[in-house]
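Residue numbers (UniProt numbering): 1 to 214.
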């Protein structure tokens, strides 16, 4: 894998990290009383991403060894998934804007988490989120040449995603602890999600075009 490819993947990971998901809202809630607990949850989420990378890497190795044609169709399927993710995220942002939905508006007091409990919550949340595995299935083939060491490359990409995701969620934890009222405004999450979902949709179209012409 070239440095350019790794940077491109890192950029995609950053765009995806900006889309609020279960891990984002989990860290927001856990960070309400203690930023350290939010950081622990972010770390747990990152470890969960690495586990998914290993599982998907092993599975992809078995698939890609069968046929280059399977590899090609997997790329097309990955592009469709990215397009779906972008469009669905945009639609959810519109719905949230109309209904005035935002994290923490249920009026309940945030639960206090120990560092261990917060780490476990972040880990389990990511492990039980099949969209993480689908993301790897969609993206990993784009950055691994046919016949390459799939497991090793999947772990490199997984580590990249885990580091970026953990750093982003750590920032979320600090900001949430200091300025939760501002983050609760629907307009903030809606703007971030609309921009990121648009980029995802464009990337999805590009990946499908690449797979169709390869």
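Positions of the beta carbon are idealized from the N, C-alpha and C atoms, including for glycine.
Model, not experiment: these values are computed from the prediction.
Could you check what DSSP says for residue i in three-state terms: helix, strand or coil?
| i | result |
| --- | --- |
| residue 20 | coil |
| residue 114 | coil |
| residue 31 | coil |
| residue 43 | helix |
| residue 76 | helix |
| residue 128 | coil |
| residue 164 | helix |
| residue 170 | helix |
| residue 150 | helix |
| residue 195 | helix |
| residue 107 | Confidence in residue 107 is poor, its pLDDT being 43 and thus under 50, which makes the residue's placement too unreliable to answer from. |
Compute the beta-carbon to beta-carbon distance between residue i and residue j, rounded to the nearest angstrom, for a pair I have assumed lies under 8 Å.
| i | j | result |
| --- | --- | --- |
| residue 257 | residue 121 | With the chain covering 1 to 214 only, the question about residue 257 has no answer from this structure. |
| residue 35 | residue 165 | Actually they do not touch by this definition, with Cβ atoms about 17 Å apart. |
| residue 205 | residue 79 | 7 Å |
| residue 151 | residue 57 | 4 Å |
| residue 19 | residue 208 | Actually they are not in contact, since the Cβ atoms of residue 19 and residue 208 sit about 20 Å apart, beyond 8 Å. |
| residue 21 | residue 90 | Contact flag wrong, Cβ pair sits at about 14 Å. |
| residue 12 | residue 140 | No, residue 12 and residue 140 are not in contact; Cβ-Cβ is about 11 Å, not under 8 Å. |
Once you ignore the five residues that flank residue i on each side, which residues in its own chain have a CB closer than 8 Å to its CB?
| i | result |
| --- | --- |
| residue 159 | 50 and 53 |
| residue 5 | 143 |
| residue 7 | none |
| residue 10 | 160 and 164 |
Within its chain, find whatever has a CB closer than 7 Å to the CB of residue i; leave out the 5 residues flanking it on each side and keep chain order.
| i | result |
| --- | --- |
| residue 119 | 40, 41, 43 and 44 |
| residue 107 | Note that residue 107 scores 43 on pLDDT, short of 50, meaning its location in the model is unreliable and no value can be drawn from it. |
Could you pull out every residue in the same chain whose Cβ sits closer than 6 Å to the Cβ of residue i, ignoring the five residues on either side in sequence?
| i | result |
| --- | --- |
| residue 113 | 30 and 37 |
Does any C-beta atom of chain B lie closer than 9 Å to the C-beta of residue i?
| i | result |
| --- | --- |
| residue 51 | Going by chain labels, chain B is absent from the structure shown, which holds only one protein chain. |
Should the region 131 to 150 be called in touch with the region 37 to 44, which here means at least 3 C-beta pairs below 8 Å?
Taking a cut-off of 8 Å on C-beta distances, the region 131 to 150 does not touch the region 37 to 44, as fewer than three cross pairs fall below it.
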